[in-house]
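Report on the structure given below.
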Amino acid sequence: MSPGAAAGDAPAPADSQGPASHGPDSQQPAPQAPDSPAPSHPARRCSFDEARRLAAAVAPLPIRDDLPLTAAVGHVLARPLMALTDLPPFDAAAMDGWAVVGDGPWTVVGQVLAGSPPPEHLGPGQAVGIATGARMPVGATAVLRREHGSTAPGPRPGAGPVLTPTPDAVLAPGRDVRPRGLECRTGDELVPSGTPITPALVGLAAAAGYDALPAHPRPTVQLLVLGDELLTDGLPRGGRVRDALGPMLPPWLERLGARVTGCRVVGDDLPALRAALEEATADVVVTTGGTASGPVDHVHRALELVGGRLVVDEVMVRPGHPMLLARLPGRGPDTQAGGTQAGGTQARGTQGEGIPTPGTPAPTRHLVGLPGNPLAAVAGVVTLLAPLLRALAGSPEPGSFPAEAAADLPGHPHDTRLLPVVLSEWGAAPVEHTGPGMLRGLATADGLAVVPAPGARRGDVVEIMEVPT
1 MSPGAAAGDA PAPADSQGPA SHGPDSQQPA PQAPDSPAPS HPARRCSFDE ARRLAAAVAP
61 LPIRDDLPLT AAVGHVLARP LMALTDLPPF DAAAMDGWAV VGDGPWTVVG QVLAGSPPPE
121 HLGPGQAVGI ATGARMPVGA TAVLRREHGS TAPGPRPGAG PVLTPTPDAV LAPGRDVRPR
181 GLECRTGDEL VPSGTPITPA LVGLAAAAGY DALPAHPRPT VQLLVLGDEL LTDGLPRGGR
241 VRDALGPMLP PWLERLGARV TGCRVVGDDL PALRAALEEA TADVVVTTGG TASGPVDHVH
301 RALELVGGRL VVDEVMVRPG HPMLLARLPG RGPDTQAGGT QAGGTQARGT QGEGIPTPGT
361 PAPTRHLVGL PGNPLAAVAG VVTLLAPLLR ALAGSPEPGS FPAEAAADLP GHPHDTRLLP
421 VVLSEWGAAP VEHTGPGMLR GLATADGLAV VPAPGARRGD VVEIMEVPT
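If you want it as structure tokens, here you go:
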């Protein structure tokens with residue numbers, strides 16, 4: 001069940017949800033089949049910081065050494081990018097003009113374009129026309145810019161033109177020359193591992209001679225939005241509400257580095273949820289709703305039935321405390337994590353088409369259970385899901401930064417509060433409409449302030465969790 005899963009404005013205090021109890025008396029699960037596994041882990045209630053640490057304590061996905069440059073953007077560099085050659089690989093002209101030897105005037109003996117070989121050697125009093133990026137001839141001492149020189153016919157038939165510098169020409173040795181190795185030398189570390197691969201990084205890799213990059217695959221995610229009360233179109237009606245999380249979470253997770261392979265609504269039905277978990281092949285399964293102890297909250301029971309193991313069961317954070325993190329039994333790798341991948345190449349540990357190499361253990365998969373209220377679900381994303389996805393992708397980015405409170409930030413008496421705030425030159429200030437079932441405040445917020453109990457005073461420094469823009 002996903003109570004209040006629409007982005008409405010009905011008042012709902014951030015601490016309205018009491019501590020969840022997932023024992024059999026409060027859960028009232030369906031009778032356990034004789035061959036169903038018993039719970040493998042007692043409920044573990046964690047602090048906000050401990051929950052984030054546990055979520056981040058997973059091994060990255062296996063490295064791909066051959067991710068084509070055309071498919072690399074959005075992944076994370078798995079090893080340092082080392083210079084395979086000097087850059088530039090030769091002395092090159094930085095401007096259009098003439099490569100000259102010494103002081104003028106000079107006799108122009110030819111022309112060099114980018115990509116063409118230069119004359120073997122230039123002697124005193126000689127020059128060649130040269131284009132930006134062209135290789136400097138041996139013996140040339142500088143480049144005379146085109147606007148700083150003029151040519152006239154040679155003194156005799158067959159002689160090259162005579163090049164004369166203008167009075168304001170500057171001809172210091174090395175002028176307008178990019179010397180070999182100016183940007184880097186062979187063996188230099190260009191970019192450290194763990195760096196997100198951007199278009200600029202791909203351009204650098206191409207310039208340095210790379211055709212492919214070592215990278216961690218983007219973790220795959222399948223999203224199961226739980227609740228009989230959810231509508232996927234139109235206005236709320238008949239006691240049902242619009243699903244806000246199905247449209248919101250996939251682009252958010254993509255920006256966190258994941259690849260969302262599926263998103264569907266599942267009713268409040270234990271067999272249906274169990275079947276959905278058993279069919280899922282993604283690295284991470286995300287559920288919304290069903291994590292508390294209501295009569296149709298089935299996530300805990302479904303985890304037991306599929307052999308899942310709880311790592312985090314409830315977090316001392318508001319909104320969103322009935323969130324959870326679990327390990328799922330290993331399964332054949334998903335197409336991105338272990339089979340035919342982007343670019344048509346094969347991941348380490350597979351034979352292609354998702355078939356594991358004999359002797360290769362099935363990869364560990366995870367489930368993150370988010371509360372059904374929209375803002376509470378967002379709290380679960382930044383607390384458990386974002387650290388998990390970054391760890392799987394090999395990214396060290398924390399996704400947070402410090403800021404001074406521009407006003408008092410209300411907190412919870414005992415738990416950490418995640419409060420939508422706007423940022424200005426004066427610091428972080430709270431927004432309105434921040435109940436757990438609301439998204440209006442988050443829609444205009446710049447981030448979530450991590451407010452310790454019982455609150456933060458104006459001038460205090462607080463951590464700000466990023467939200468996608």
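In the UniProt record's numbering, the protein residues as written are 1 to 469.
Even glycine gets a Cβ: it sits at the ideal position worked out from N, Cα and C.
Computed from a predicted model, the values in this text were never measured in an experiment.
Relative to the C-alpha of residue i, which residue among the options is closest?
i, options, result
"residue 470", "Asp-268, Leu-67 and Ala-449", "Only positions 1 to 469 of the chain appear in the structure, and residue 470 is not among them; the question remains open."
"Gly-154", "Val-381, Pro-124, Trp-106 and Leu-190", "Trp-106"
"Ala-272", "Arg-237, Leu-418 and Leu-226", "Leu-226"
"Gly-330", "Glu-314, Gly-308, Met-323 and Val-315", "Gly-308"
"Ala-55", "Glu-314, Pro-319, Pro-430 and Thr-434", "Glu-314"
"His-148", "Val-128, Thr-164, Pro-436 and Asp-66", "Thr-164"
"Gly-289", "Ala-258, Gly-369 and Pro-192", "Gly-369"
"Pro-88", "Met-82, Gly-125, Gly-181 and Thr-186", "Gly-181"
"Pro-247", "Gly-459, Gly-262 and Arg-240", "Gly-262"
"Ala-386", "Glu-278, Asp-268 and Ala-258", "Ala-258"
"Pro-124", "Val-108, Ala-379 and Val-317", "Val-108"
"Thr-364", "Arg-44, His-300, Leu-67 and Ala-57", "Ala-57"
"Ala-134", "Gln-126, Val-112 and Leu-310", "Val-112"
"Val-73", "Leu-213, Val-285, Arg-240 and Glu-189", "Leu-213"
"Pro-468", "Trp-426, Arg-327, Val-431 and Pro-420", "Pro-420"
"Pro-452", "Gly-380, Thr-70 and Val-317", "Val-317"
"Gln-126", "Gly-110, Pro-217 and Ser-116", "Gly-110"
"Val-378", "His-433, Gly-427, Leu-439 and Leu-230", "Leu-439"
"residue 470", "Leu-223, Ala-292 and Pro-251", "This structure cannot speak to residue 470, because the chain is shown only from 1 to 469."
"Leu-84", "Val-381, Tyr-210 and Ser-150", "Tyr-210"
"Pro-62", "Ala-275, Leu-392, His-414 and Arg-458", "Leu-392"
Can you say whether residue i is buried or exposed, counting buried as having 16 or more other CB atoms within 10 angstroms of its CB?
i, result
"His-121", "exposed"
"Phe-48", "buried"
"Thr-232", "exposed"
"Thr-281", "buried"
"Thr-166", "exposed"
"Asp-243", "buried"
"Ser-395", "buried"
"Thr-416", "buried"
"Leu-235", "exposed"
"Thr-220", "buried"
"His-298", "buried"
"Gly-447", "buried"
"Arg-218", "buried"
"Val-138", "exposed"
"Arg-348", "At Arg-348, the pLDDT of 29 sits below 50, so the modelled position is not reliable and the matter cannot be decided from this model."
"Asp-268", "buried"
"Glu-425", "exposed"
"Val-170", "exposed"
"Arg-178", "buried"
"Thr-291", "buried"
"Pro-250", "buried"
"Glu-304", "buried"
If you follow the beta strand (DSSP E) that residue i is in, where does it begin and where does it stop?
i, result
"Ala-99", "97-100"
"residue 484", "What the structure shows of the chain is the stretch from 1 to 469, and residue 484 is not part of that stretch, so it cannot be assessed."
"Pro-402", "400-404"
"Pro-179", "Counting along the chain, Pro-179 falls outside any beta strand (DSSP E), and DSSP gives it neither H nor E."
"Pro-430", "427-430"
"Gly-447", "447-451"
Locate the alpha helix (DSSP H) running through residue i, then write down its first and last residues.
i, result
"Arg-365", "That residue, Arg-365, is in no alpha helix (DSSP H); its beta strand (DSSP E) goes 365-370."
"Ala-206", "199-207"
"Arg-52", "48-56"
"Met-248", "245-255"
"Gly-290", "Taken as a continuous stretch (DSSP letters only), Gly-290 belongs to no alpha helix (DSSP H), as it is neither H nor E."
"Ala-272", "270-279"
"Pro-387", "386-392"
Residue i CB to nearest chain D CB: under 8 Å?
i, result
"Gly-234", "Among the chains in the structure shown there is no chain D, since it carries only a single protein chain."
Residues in its own chain within less than 8 Å of residue i by CB, not counting five upstream and five downstream?
i, result
"Ala-456", "Ala-405, Asp-408, Leu-409, Gly-411, Ala-449 and Val-462"
"Glu-278", "Val-306"
"Gly-441", "Leu-375, Pro-420, Val-431, Glu-432, His-433 and Thr-434"
"Ala-207", "Leu-87"
"Val-191", "Leu-77, Pro-80, Leu-81, Leu-201 and Leu-204"
Which partner residues of residue i appear in the DSSP bridge assignment?
i, result
"Ala-152", "Val-162"
"Arg-135", "Ala-92"
"Glu-304", "None, per the DSSP bridge assignment."
"Leu-230", "Val-241"
"Ile-130", "Gly-97 and Val-112"
"Glu-189", "Met-82"
"Met-465", "Ser-400 and Leu-448"
Enumerate in chain order the residues of its own chain whose CB-to-CB distance from residue i is below 7 Å, with the five nearest sequence positions on each side excluded.
i, result
"Arg-145", "Met-95, Gly-97 and Asp-176"
"Leu-384", "Ala-51, Ala-55, Val-312, Met-323, Leu-325 and Val-368"
"Thr-141", "Val-100, Val-101, Gly-102 and Pro-173"
"Gly-427", "Ala-403, Glu-404, Ala-405 and Ala-406"
"Gly-23", "In this prediction, Gly-23 has a pLDDT of 36, which is less than 50 and means its spatial position is unreliable; what the coordinates show is noted afterwards. Result list for Gly-23: empty, nothing under 7 Å."
Whose C-beta lies closer than 6 Å to the C-beta of residue i among residues of the same chain, with five residues either side of it excluded?
i, result
"Ala-376", "Pro-319, Gly-320 and Pro-436"
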